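The block underneath contains the structure these notes are about, expressed in structure tokens.
There are 2 protein chains.
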Amino acid sequence: MNTQTFRNWQRVQEEVLRRIHAREWLPGDLIPNEADLAIEFGCARSTVNRALRSLADSGLLDRRRKAGTRVAAEPVAKATLNIAVIRHEIEEHGARYGYMLIARSLVAPPLHISGAMQTQPMQEMLHVRALHLADETPYAFEERWVNPSVVPDALSEGFEKLSANEWLLKHAPYTHGDIAFSSVQAEPEVAEILDVPPHSALFAIDRLTWDNQASVTKVCLLFAPGYKLRTQI
Amino acid sequence: MNTQTFRNWQRVQEEVLRRIHAREWLPGDLIPNEADLAIEFGCARSTVNRALRSLADSGLLDRRRKAGTRVAAEPVAKATLNIAVIRHEIEEHGARYGYMLIARSLVAPPLHISGAMQTQPMQEMLHVRALHLADETPYAFEERWVNPSVVPDALSEGFEKLSANEWLLKHAPYTHGDIAFSSVQAEPEVAEILDVPPHSALFAIDRLTWDNQASVTKVCLLFAPGYKLRTQI
DNA sequence: AGGGTTATTATGTGCACACATAAAAGCGAT
DNA sequence: ATCGCTTTTATGTGTGCACATAATAACCCT
Numbered sequence: 001m002n003t004q005t006f007r008n009w010q011r012v013q014e015e016v017l018r019r020i021h022a023r024e025w026l027p028g029d030l031i032p033n034e035a036d037l038a039i040e041f042g043c044a045r046s047t048v049n050r051a052l053r054s055l056a057d058s059g060l061l062d063r064r065r066k067a068g069t070r071v072a073a074e075p076v077a078k079a080t081l082n083i084a085v086i087r088h089e090i091e092e093h094g095a096r097y098g099y100m101l102i103a104r105s106l107v108a109p110p111l112h113i114s115g116a117m118q119t120q121p122m123q124e125m126l127h128v129r130a131l132h133l134a135d136e137t138p139y140a141f142e143e144r145w146v147n148p149s150v151v152p153d154a155l156s157e158g159f160e161k162l163s164a165n166e167w168l169l170k171h172a173p174y175t176h177g178d179i180a181f182s183s184v185q186a187e188p189e190v191a192e193i194l195d196v197p198p199h200s201a202l203f204a205i206d207r208l209t210w211d212n213q214a215s216v217t218k219v220c221l222l223f224a225p226g227y228k229l230r231t232q233i
Numbered sequence: 001m002n003t004q005t006f007r008n009w010q011r012v013q014e015e016v017l018r019r020i021h022a023r024e025w026l027p028g029d030l031i032p033n034e035a036d037l038a039i040e041f042g043c044a045r046s047t048v049n050r051a052l053r054s055l056a057d058s059g060l061l062d063r064r065r066k067a068g069t070r071v072a073a074e075p076v077a078k079a080t081l082n083i084a085v086i087r088h089e090i091e092e093h094g095a096r097y098g099y100m101l102i103a104r105s106l107v108a109p110p111l112h113i114s115g116a117m118q119t120q121p122m123q124e125m126l127h128v129r130a131l132h133l134a135d136e137t138p139y140a141f142e143e144r145w146v147n148p149s150v151v152p153d154a155l156s157e158g159f160e161k162l163s164a165n166e167w168l169l170k171h172a173p174y175t176h177g178d179i180a181f182s183s184v185q186a187e188p189e190v191a192e193i194l195d196v197p198p199h200s201a202l203f204a205i206d207r208l209t210w211d212n213q214a215s216v217t218k219v220c221l222l223f224a225p226g227y228k229l230r231t232q233i
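Right under this line is the structure:
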């Protein structure tokens, strides 16, 4: 008989995880309610609540008021990616970071850009193209549109030394954003910049961030072949 | 004077977000401690704690005991990806899901597989190759290795109708795993299976899952061009 | 001044209790 | 049986308190 007590929420969580892995509680099963578990574990209900809530957040449990808590039938693997500043990413690999501004201009963007950013088609936007390097080797090509009516300070920033990637994080807060990962073939111009064969398979990160209703910036990062975005689940 | 009260943790969170966003609290700034905020907001310290803890989890605040809570200097965008069962992903797009088993065998894997999975090189593993289709069009190619000593039941499963992707989720729990996203050029064989030109840029998801110390399965999913993995931040 | 010990302090957590809320289950009238 | 109302129940959350813990700040001794 297991009369062990689990007095803190991490241990309760561990025990619940153990039961799920040991298949004592099968996917889809309804598990005992918080009050009963609290008695069994010899702790307060709020402790059990904290443990179960945390497991529900990570997708391992499904909880519904009155219906109770059940083991997720098909646990959705939730991978949390840390999209860091590119400089940090490179430096963490122990490489020397390099940055090169390719172009910077104030122009009316193509329609698909103004459309996505929901700005007036004729409104001029700050357009920045730059290259990030690791140990002098091209690492990622950055193409960015910045909405100057939301980030006016960007107009007085040259982005010659400091990448827009980094400058915006400090100076342009955002409320939310969309991000998409995909794979694209390198167009000739980009292939040349990244110094890779044309039509190479590049890893692309597209990001569009918003400050409440207004779009802040739209960026497309194209990573040289070999790039891998890793995380744990 | 703002004498409004914020009685629940979501509203406290909203107010803190508003202040960060309105730049009342700048990146790097130390914010008032929980007790003071509780007084200001007219709620209990635990309510403030819950709100701040949640914001720290999402990377917007940095908290350290005794040192206090400060606004993250460079908020790391944490994108949470839901790696769902491929069938669900396709059906959610309103497309018809199709599945085709290409090969299934029990063989000793190449060294880089047994190496990554930390199994004996000569130990036979279940090797499954399959194709996922959306509206009869190739969607993703799945190449998988399953460790039969961890999932013996897999040996009696043919994977003719039900994909290993789905079967394993139900029958093989895992404790943790690594996942990597990258971009690769389609090799001729894969290009033919996916019915795309050779050297097309494919989106790749590599996943290796573990049950405690033992590797469960290693899978490589190659998505046809056009695939985008989306999420919000 | 320097180095090591102690005190202080902000966050982290646990507990008991209360009430809120969503949703299933039961019930009753038609 | 079906629709609509009420009850029940499990989770969700707020409060006040206590103590734990980590890390800084203060102190003391040399």
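Quick mapping for you: the protein sequence lines, in order, are chains E and A.
So the first sequence is numbered by this note's numbering: it starts at 1 and just counts up by one.
So the second sequence is numbered by this note's numbering: it starts at 1 and just counts up by one.
Even for Gly, the Cβ is constructed at its ideal location relative to N, Cα and C.
Every value quoted in this text rests on a predicted model; they were computed, and no experiment measured them.
Cβ pair residue i, residue j closer than 7 Å
i	j	result
leucine 126 of chain A	valine 146 of chain A	yes
glutamate 160 of chain A	tryptophan 167 of chain A	no
isoleucine 83 of chain E	isoleucine 179 of chain A	no
serine 163 of chain E	tyrosine 227 of chain E	no
arginine 63 of chain A	leucine 30 of chain A	no
tryptophan 9 of chain A	alanine 51 of chain A	yes
alanine 201 of chain E	alanine 116 of chain A	no
Beta-carbon neighbours of residue i, restricted to chain E and to distances below 9 Å
i	result
leucine 131 of chain A	The contacting residues do not exist; leucine 131 of chain A stays about 18 Å from chain E at best.
Contact set between residue i and chain A, taken where Cβ atoms lie within less than 7 Å
i	result
alanine 77 of chain E	Ile83
phenylalanine 159 of chain E	The premise fails here: phenylalanine 159 of chain E is roughly 17 Å from chain A at the closest Cβ pair, so nothing lies under 7 Å.
isoleucine 90 of chain E	Those do not exist, as isoleucine 90 of chain E stays about 15 Å from chain A at its closest Cβ, beyond 7 Å.
Nearest to residue i (by Cα), restricted to the options the options
i	options	result
glutamate 235 of chain A	A:Leu162, A:Met122, A:Val76 and A:Leu194	Coverage of chain A is limited to positions 1 through 233, which leaves residue 235 of chain A absent and any answer about it impossible.
tryptophan 25 of chain E	A:Lys228, A:Pro75, A:Ala38 and A:Pro173	A:Pro173
valine 76 of chain A	E:Leu111, E:Ile102 and E:Asn165	E:Asn165
glutamate 89 of chain A	A:Ala51, A:Ala134 and A:Ala67	A:Ala134
arginine 206 of chain E	E:Pro198, E:Lys218, E:Ala214 and E:Ser200	Note that residue 206 of chain E is aspartate in the sequence shown, not arginine. When only C-alpha atoms are compared, the closest one is E:Lys218.
glutamate 189 of chain A	A:Phe141, A:Val48, A:Ser54 and A:Ala72	A:Phe141
arginine 96 of chain A	A:Ala224, A:Ala186 and A:His132	A:His132
alanine 102 of chain A	A:Glu192, A:Ala224, A:Val196 and A:Pro225	Correcting the residue identity first, residue 102 of chain A is isoleucine in this sequence and not alanine. Of A:Glu192, A:Ala224, A:Val196 and A:Pro225, the residue nearest in Cα terms is A:Glu192.
arginine 87 of chain E	E:Pro225, E:Ala186, E:Leu169 and E:Glu187	E:Leu169
Buried versus exposed, by CB contacts within 10 Å (16 or more), residue i
i	result
serine 182 of chain E	buried
threonine 209 of chain E	buried
serine 215 of chain A	buried
methionine 1 of chain A	Low local confidence applies: a pLDDT of 42 at methionine 1 of chain A is under 50, so the model's placement there is unreliable, and no value is given.
proline 198 of chain E	exposed
proline 109 of chain A	buried
proline 138 of chain E	buried
alanine 186 of chain A	buried
alanine 22 of chain A	exposed
Own chain partners of residue i with C-beta closer than 6 Å, once the 5 adjacent residues on each side are dropped
i	result
glutamate 143 of chain E	Arg129 and Cys220
alanine 204 of chain E	Ser182, Val184 and Leu222
phenylalanine 6 of chain E	Val12, Glu15 and Phe41
isoleucine 20 of chain E	Val71
cysteine 302 of chain E	The structure shown does not extend to residue 302 of chain E, since chain E spans only 1 to 233, so no value can be given for it.
serine 114 of chain A	Pro121
Interface partners of residue i on chain E, CB under 8 Å
i	result
serine 149 of chain A	Result: empty, since nearest Cβ-Cβ is about 17 Å, beyond 8 Å.
lysine 170 of chain A	Pro27, Ala73 and Glu74
leucine 202 of chain A	Ser183 and Ala201
leucine 229 of chain A	Ala180, Phe181 and Ser182
Closer than 9 Å at the beta carbon, the chain A residues around residue i
i	result
glutamine 232 of chain E	His176, Gly177, Asp178 and Ile179
threonine 80 of chain E	Lys78, Ala79, Thr80 and Leu81
Neighbourhood of residue i by C-beta distance below 8 Å, restricted to the same chain and skipping five residues each side
i	result
threonine 3 of chain A	At threonine 3 of chain A, the pLDDT of 45 sits below 50, so the modelled position is not reliable and the matter cannot be decided from this model.
leucine 111 of chain E	Pro121
lysine 58 of chain A	Residue identity check: residue 58 of chain A is serine in the sequence provided, not lysine. Here the set comprises Lys78.
leucine 81 of chain A	Leu229 and Thr231
proline 148 of chain E	Leu106, Glu124, Met125, Leu126, Ala154 and Leu155
glutamate 74 of chain A	Pro27
threonine 175 of chain E	Trp210, Asp211 and Asn212
leucine 55 of chain E	Gln13, Val16, Leu17 and Leu61
glutamate 91 of chain E	Tyr97
threonine 47 of chain A	Arg7, Asn8, Trp9, Val12, Ala38 and Phe41
Own chain residues within Cβ distance below 7 Å of residue i, not counting five before or after
i	result
arginine 45 of chain A	Glu34, Ala35 and Ala38
glycine 68 of chain E	Leu30 and Asn33
glycine 177 of chain A	Arg207, Leu208, Thr209 and Trp210
glutamine 118 of chain E	Ser215
valine 196 of chain A	Ala186, Ala224 and Pro225
valine 85 of chain E	Asn165, Glu166 and Leu169
Interface partners of residue i on chain E, CB under 7 Å
i	result
histidine 21 of chain A	Pro173 and Thr175
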